[in-house]
Every structure is written in structure tokens, then in C-alpha cells.
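Q: So that we are looking at the same thing, I have put the structure below in C-alpha cells.
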Amino acid sequence: MERITVQTRPIEGQKPGTSGLRKKTNVFMEPHFLENFVQAIFTGIGGVVGKTLVLGGDGRYFNDHAAQVILRMAAAQGCAKVIIGQNALLSTPAASHMIRIRQTDGGIIMSASHNPGGPKEDFGVKFNTPNGGPAPEDVTDRIFAATKEITSYDIIETTDVDLDRIGDTSLGDMSVEVVDPVADYAALMEELFDFDAIAKLIAGGFRIRFDAMHAITGPYATAILQDRLGAPAGSVVNAVPLPDFGGGHPDPNPIWAKDLMDAMFADDAPDFGAASDGDGDRNMIVGRGAYVTPSDSLAVLAANAHLAPGYAKGLAGVARSMPTSGAVDRVAAARGLDCYETPTGWKFFGNLLDAGRATLCGEESAGTGSDHVREKDGLWAVLLWLNILAVNGKSVQQMLDDHWAEFGRNYYSRHDYEGVDATAAEGLMQAMRDQFATLPGQSFAGKTVASADEFSYDDPVDGSHSANQGIRIGFDGGGRVVFRLSGTGTVGATLRVYLEDVCEDPTAMNRDPQDALADIIAAAEAIAGIRDRTGREAPDVRT
Ligand code: G16
79 MERITVQTRP
89 IEGQKPGTSG
99 LRKKTNVFME
109 PHFLENFVQA
119 IFTGIGGVVG
129 KTLVLGGDGR
139 YFNDHAAQVI
149 LRMAAAQGCA
159 KVIIGQNALL
169 STPAASHMIR
179 IRQTDGGIIM
189 SASHNPGGPK
199 EDFGVKFNTP
209 NGGPAPEDVT
219 DRIFAATKEI
229 TSYDIIETTD
239 VDLDRIGDTS
249 LGDMSVEVVD
259 PVADYAALME
269 ELFDFDAIAK
279 LIAGGFRIRF
289 DAMHAITGPY
299 ATAILQDRLG
309 APAGSVVNAV
319 PLPDFGGGHP
329 DPNPIWAKDL
339 MDAMFADDAP
349 DFGAASDGDG
359 DRNMIVGRGA
369 YVTPSDSLAV
379 LAANAHLAPG
389 YAKGLAGVAR
399 SMPTSGAVDR
409 VAAARGLDCY
419 ETPTGWKFFG
429 NLLDAGRATL
439 CGEESAGTGS
449 DHVREKDGLW
459 AVLLWLNILA
469 VNGKSVQQML
479 DDHWAEFGRN
489 YYSRHDYEGV
499 DATAAEGLMQ
509 AMRDQFATLP
519 GQSFAGKTVA
529 SADEFSYDDP
539 VDGSHSANQG
549 IRIGFDGGGR
559 VVFRLSGTGT
569 VGATLRVYLE
579 DVCEDPTAMN
589 RDPQDALADI
599 IAAAEAIAGI
609 RDRTGREAPD
619 VRT
């Protein structure tokens with residue numbers, strides 16, 4: 079076993095995005111690419127001497143090799159201990175939990191989340207801080223700065239560590255503890271939720287279908303939903319994680335989880351359907367014939383979380399990302415809860431959760447979570463829904479109908495234009511900025527613009543400022559459109575157009591969102607000129 083210093087040079091394009099660094103896998107496999115970024119993480123956090131880190135990933139192609147490299151670099155640089163999931167697997171929420179309960183100095187998660195995996199698809203690496211949450215911007219700025227100054231990294235040359243066997247081992251002077259990836263997480267879920275009530279619901283014939291999309295939640299969902307809660311074998315489908323997610327796109331939305339949608343809209347549909355993503359932090363909830371938008375899911379959970387034991391004391395407050403619909407704001411207003419609006423990216427919830435200002439958080443991008451960890455958590459959302467349904471005995475559709483009757487409905491849809499020419503996308507955004515002063519008062523497709531600006535955020539806990547977080551156009555009557563460029567894509571630019579309108583008419587609560595939003599969609603096109611600027615006739619994905 080030899081410790082060597084490898085000379086290297088800065089590599090372009092290592093700026094962390096919305097959630098860590100995501101690139102094509104073959105880029106990560108180029109000489110020094112992974113090592114440079116890992117070294118930059120170590121430098122950015124002040125070195126790893128004497129520290130304990132958690133390590134795990136979603137099992138996508140290159141996960142196992144990257145884990146060995148990270149272990150060898152940590153060992154070469156004086157790290158005291160790495161706690162790693164068996165076979166280098168940990169879902170993102172389970173990693174967050176592990177970082178917290180073992181009081182470690184943080185962790186490295188290998189994942190490109192909902193992006194496809196495989197040699198030709200995506201890989202990613204991100205650092206989570208000791209609170210279990212994604213590194214905030216000051217840390218990612220330090221990591222990025224280190225990528226631009228790197229000249230060498232230290233690594234041990236040795237054979238691979240056996241990650242198949244649970245237990246303690248070592249690498250040089252560093253301890254390596256291989257842990258069961260599921261056990262601690264499952265125990266946490268059992269603390270938060272009334273497993274007896276959910277098991278009784280299921281035993282009474284309530285049928286569920288959970289689509290793990292060949293990704294990391296397979297073993298978690300099988301252990302919890304089938305083995306502990308008694309759902310019949312086969313309730314969890316696509317349960318075996320595969321390095322390429324079976325060739326699929328592990329993003330739980332109606333497009334990429336179409337099989338689940340078809341099953342849930344069939345004549346013999348189960349009562350409850352759900353899916354999660356590559357690394358287990360996103361979720362999609364579907365009832366029989368009833369798709370629940372992530373924004374509505376957050377609002378319904380905020381209104382009913384007290385029915386689960388872990389939240390029986392009520393909520394300290396709620397938070398949502400800016401492009402997420404205002405449905406949860408209505409719940410907060412009715413229940414007298416503080417409600418925060420943050421930029422896109424789970425990292426922005428961290429301070430609010432740590433300070434005890436928010437208990438539940440959520441994003442339109444299929445993420446919901448609470449202060450139990452510092453990441454969004456797919457299976458947690460599924461279990462909270464099941465706990466609520468077990469207590470009140472309603473169907474998912476009934477939950478939605480009752481919710482809209484009580485609070486009103488925010489019709490919502492997101493239109494994505496993927497792989498757009500980056501210059502064209504920037505041009506579209508800039509052209510709108512140039513119109514901020516003149517848009518208010520003008521009408522487009524019958525909608526009059528009330529406000530036009532770019533969202534910026536001042537963190538109420540640490541005072542940090544984040545600018546350029548999405549363009550907002552508000553319309554008279556409460557509708558709005560938000561334009562943002564994704565920070566998680568790996569090819570060109572992805573333009574996200576978030577469309578929303580408010581409805582308080584009890585006779586108009588069950589419209590198709592695309593119809594209900596037709597005027598807002600037309601106004602967005604008229605203002606931004608999406609077709610002309612991107613050359614696209616229609617969005618690639620409508621959620
Ligand atoms: C990540 C972040 C989320 C964010 C999402 C969307 O999700 O963790 O907080 O909402 O990206 O990002 P964008 O719109 O920039 O693509 P994940 O599930 O990919 O980690």
C-alpha cells in the first residue's frame with residue numbers, strides 16, 4: 079500500500095450546480111476528473127484529517143469505482159473513518175440521516191439524482207455538511223475555487239476494499255465501517271409514523287403500488303412497505319436497483335413513470351401509487367385515477383401532517399421553493415403558520431430547518447421533506463400520505479377534493495424544454511429582464527401583467543444573499559409564470575416554465591390543468607417568444 083501524490087491541473091466545468099456536480103459519466107471517467115473534484119471538496123472543507131465522513135450513492139454505473147477512489151483519497155489524506163453503505167449504496171435521505179445520527183463531519187453522495195445512468199448517461203458527486211444537508215453556497219463556492227487552483231492530489235495505491243460485507247475494516251490508518259443502508263432509515267420511519275395503523279389499512283385490502291424505477295429505493299421500499307407493513311409481494315415494482323436504471327429515466331413524474339400512471343388509471347387500479355427517483359429523494363403520489371402535483375402534495379401534507387405521530391405537535395412553519403405553487407401558502411395562512419419562499423435547491427431549506435422555523439418543506443420538482451433529515455425524502459412522503467389516509471379513511475381523490483374545497487386550488491403545470499441551445503436560452507432570459515420596466519400594465523392573451531422581476535433571496539437566518547433565482551411575471555387576478563434555467567442538466571440548457579393560476583370557484587375545481595392554464599400558457603409564449611428563440615414547437619415534458 080503506497081501513498082502517492084499525483085500531479086494534476088484544473089479542469090474546466092467543475093462548478094457545482096443546483097445539487098452538486100453532474101456530468102456525463104464518461105466525463106467523470108476521464109483522467110483526474112473525479113479525483114480533482116473530490117480533492118476540491120476536501121480542500122473546500124478544510125481537509126479531512128481526523129474527520130469522519132459518510133459515503134454512499136444511488137448505485138448507478140461508476141458508483142462502485144468512484145467509491146473506491148474516494149476511500150483511497152480519504153485514507154491518503156488522514157481521514158479517521160468512513161461510514162459507507164454496503165456495496166457503496168445509500169439513498170440520499172438515508173445518507174443525510176446517517177450523517178446526522180453518527181454526528182459525522184459530513185458526507186459524499188454519489189448520484190445524479192433523477193438523471194438517467196449508464197456509461198453514456200449521467201453521474202454526479204455532492205458534499206453534505208454535518209447537519210446532513212447539501213452544502214450551502216459558501217461551501218460550494220470554496221469547492222469551486224479549489225477546482226480552479228488544484229495542482230495535485232494524494233491517493234493510496236492498493237486493492238479495492240471489500241464493501242460487500244457489513245462490518246469494520248480498514249484502509250491504511252483509516253477505519254472503514256460498512257453498514258446496512260436500510261436499517262437506520264427504516265427505524266427512523268417507524269418513529270415518525272404509525273406503522274400499526276398503516277399495516278391495518280393494508281391488511282384491510284388497501285392496495286398500493288410503489289414503482290422504484292430500478293433505482294435505490296427498491297430495497298428500502300421492499301423492507302418497509304412489504305416486509306414491515308405487510309403489503310403483498312409485488313406491491314413494490316422495479317425493485318432491483320440497476321446501474322442504468324433498466325434504461326429508464328428515474329424521474330417520478332407522469333411522463334417518466336408512465337407505467338405507474340397507466341396502472342393507476344386502469345379499471346382495476348390500486349388505491350395508492352407512488353414512485354421515487356434515482357437516489358430516493360423525490361416522490362410522485364397518485365391515487366386511483368388521481369395524479370397529485372408535488373405542489374398540491376406539499377399543501378395536503380401541511381394541512382394533515384398532525385395526523386402522524388411524528389408531527390402530532392403541529393408544524394413550526396412551512397417552506398417552499400419560489401417556483402412551487404402557492405397552495406401551501408393558503409394552508410399556512412389559514413392555520414396561522416409562517417411560510418417561507420426560497421430559491422430552487424434543497425440547500426436553501428437547511429437554515430430554516432436547523433433554526434426550527436420550518437417543519438415541512440417542498441418543491442414543485444417532486445420533492446417533499448421535513449426536519450427529520452436535511453434532504454427531501456421520497457419514501458417519507460409516501461409513508462406520511464399512507465399514515466394520513468390510514469387515519470381519515472379517505473381516498474386520494476377525496477383528499478384533493480376536500481382540500482380544494484377548503485383552501486381553493488392553484489392550477490399548476492411545468493413545461494420543460496430540454497437540451498436547448500445555451501446561448502438561445504440565455505438570450506430568452508435576458509430579453510425578458512430587459513422588459514421588466516415596460517411589462518407591467520401590458521396585456522397578453524387577455525392577461526394583464528401586474529409585476530415583472532427576478533427573484534432574489536435573503537436568508538433570514540444567516541443573512542446570505544442569492545440573486546438571479548428565476549424570472550417572475552405576475553398577472554392581475556393572481557396567476558403567474560416563472561422562467562428558470564435548470565441547474566441540474568448536463569446537455570445544453572433546460573428551460574423551465576412554471577405556470578400557475580388561482581381558482582376559488584367551487585364549480586371549477588376539477589378542470590384539466592392544461593385547459594385551466596391555457597391563457598397563462600399563451601401569455602408566457604407571447605412574452606418570452608419561446609418558439610422563435612428555441613426553435614421548439616412544444617415542451618418536451620409537461621408535469
Ligand atoms: C435538485 C435539487 C432540488 C431542485 C431540483 C431541480 O433535485 O436537490 O432542490 O429543486 O434539483 O433543479 P433544477 O430545476 O435546477 O434542475 P435532485 O432531485 O436532482 O437532487
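Numbering follows the working numbering, with no gaps: position 220 of the sequence shown is 298. From the three backbone atoms N, C-alpha and C, an ideal C-beta is built for every residue, glycine too.
At what residue ranges does the segment 142 to 177 contain a whole run of the beta strand (DSSP E), taking only runs of 3 or more?
A: Runs found: 159 to 167.
Q: Any contact between the segment 269 to 278 and the segment 336 to 350? By contact I mean 3 or more CB pairs, one from each, below 8 Å.
A: In short, these stretches do not touch, since the Cβ pair count stays below three.
Q: What does the alpha-carbon distance come out to for the pair Met252 and Asp479?
A: If I take the Cα positions, the gap works out to 56 Å.
Q: Please report the residue range of the beta strand (DSSP E) in which Tyr231 lies.
A: Element bounds for Tyr231: 230 to 235.
Q: What first and last residue would you give for the beta strand (DSSP E) that runs through Asp200?
A: Run containing Asp200: 200 to 206, per the beta strand (DSSP E) assignment.
Q: If you drop the 5 nearest sequence neighbours on each side, which residues of the same chain put their C-beta closer than 6 Å to that of Gly128?
A: Correct list, in chain order: Ala158.
Q: Exposed or buried, Gln508, counting other C-beta atoms within 10 Å across all chains shown (16 or more means buried)?
A: The residue in question, Gln508, is exposed, as its Cβ has fewer than 16 Cβ neighbours within 10 Å.
Q: Looking at the unbroken beta strand (DSSP E) that takes in Met188, where does it start and where does it end?
A: Per DSSP, Met188 belongs to the beta strand (DSSP E) from 185 to 188.
Q: Taking only three categories from DSSP, how would you classify Met362?
A: Of the three classes helix, strand and coil, the one that applies to Met362 here is strand, per DSSP.
Q: Tell me whether His384 sits in a helix, a strand or coil according to DSSP, three-state version.
A: In this structure, His384 counts as helix in the three-state DSSP scheme.
Q: In the structure shown, what three-state DSSP assignment does Val217 receive?
A: Looking at Val217 - three-state DSSP - the assignment turns out to be helix.
Q: Could you spell out the range, first to last residue, of the alpha helix (DSSP H) harbouring Thr422?
A: Neither: Thr422 is in no alpha helix (DSSP H) and is coded neither H nor E.
Q: What separation, rounded to the nearest whole angstrom, lies between the Cα atoms of Ile161 and His450?
A: Distance between the alpha carbons of Ile161 and His450: 20 Å.
Q: For Asp359, verify whether its CB is less than 7 Å away from any heavy atom of ligand 1.
A: Yes.
Q: Which same chain residues, not among the five before or five after Arg220, have their C-beta less than 6 Å away from its C-beta?
A: So the list reads Gly122, once near-sequence residues are dropped.
Q: Gly440: beta carbon under 7 Å from a heavy atom of ligand 1?
A: Checking every heavy atom of ligand 1 against the Cβ of Gly440, none is found closer than 7 Å.
Q: Measuring CB atoms only, is the segment 566 to 582 touching the segment 410 to 417, in the sense that at least three cross pairs come out at less than 8 Å?
A: Contact fails: fewer than three Cβ-Cβ distances are below 8 Å.
Q: Take Thr437 and list the residues in its own chain whose beta-carbon comes closer than 6 Å to its own, dropping the five residues that flank it on each side.
A: Excluding positions up to five away in sequence, the list reads Leu393, Ala394, Ser448, Asp449.
Q: Quick one: does the C-beta of Ser534 sit closer than 7 Å to a heavy atom of ligand 1?
A: Result no, Cβ not under 7 Å from ligand 1.
Q: Measure the alpha-carbon distance for Gln146 versus Ser248 and round it to whole angstroms.
A: Those two C-alpha atoms are separated by around 13 Å.
Q: Would you mind reading off the limits of the beta strand (DSSP E) that contains Tyr489?
A: Note, Tyr489: beta strand (DSSP E), 487 to 498.
Q: Can you give the beta carbon distance from Ala290 to Val314, rounded, assuming they're within the 8 Å contact cut?
A: 6 Å between Cβ atoms; contact.
Q: Which residue or residues does DSSP assign as beta-bridge partners of Asp289?
A: Partner(s): Val315, Ala353.
Q: Quick one, are the C-beta atoms of Asn316 and Asp242 less than 8 Å apart?
A: No.
Q: Return yes when the Cβ of Phe106 is within less than 8 Å of the Cβ of Phe201, no when it is not.
A: Against a cut-off of 8 Å, the Cβ pair of Phe106 and Phe201 comes out as a contact.
Q: Do you know offhand how far Glu504's Cα is from Asp258's?
A: C-alpha separation (whole angstroms): 45 Å.
Q: Closer than 8 Å is the cut-off here; do at least three beta carbon pairs connect the segment 147 to 156 with the segment 205 to 223?
A: With a cut-off of 8 Å, the segment 205 to 223 and the segment 147 to 156 do not count as touching, because too few Cβ pairs lie within range.
Q: Quick check on this structure: which residue in Pro591, Pro171, Pro617, Ile119 has the alpha carbon closest to the alpha carbon of Ala223?
A: If we check each option's Cα against that of Ala223, Ile119 comes out closest.
Q: Taking Asp183 as the reference, which of Lys226, Met176, Thr130, Leu168 has the closest Cα?
A: Minimum Cα distance to Asp183 is reached at Thr130.
Q: Among the candidates Glu108, Phe273, Ser97, Tyr231, whose CA atom is the shortest distance from the CA of Thr207?
A: The candidate whose alpha carbon is nearest that of Thr207 is Ser97.
Q: From Thr229 to Ile89, what does the alpha carbon distance come to, in whole angstroms?
A: Near 10 Å, if we compare the C-alpha coordinates of Ile89 and Thr229.
Q: For ligand 1, any of its heavy atoms closer than 7 Å to the Cβ of Thr566?
A: Flag set: Cβ of Thr566 near ligand 1.
Q: Please state the DSSP three-state secondary structure of Asp449.
A: Residue state, collapsed to three classes: coil.
Q: Measure the Cβ-Cβ separation of Arg360 and Gly296 and say whether it is below 8 Å.
A: Contact: no.
Q: Would you call Lys101 buried or exposed, if buried means 16 or more other Cβ atoms sit within 10 Å of its Cβ?
A: The residue in question, Lys101, is buried, as its Cβ has 16 or more Cβ neighbours within 10 Å.
Q: In this structure, how does DSSP classify Val132 when only helix, strand and coil are distinguished?
A: Reduced to three states, the DSSP call for Val132 is strand.
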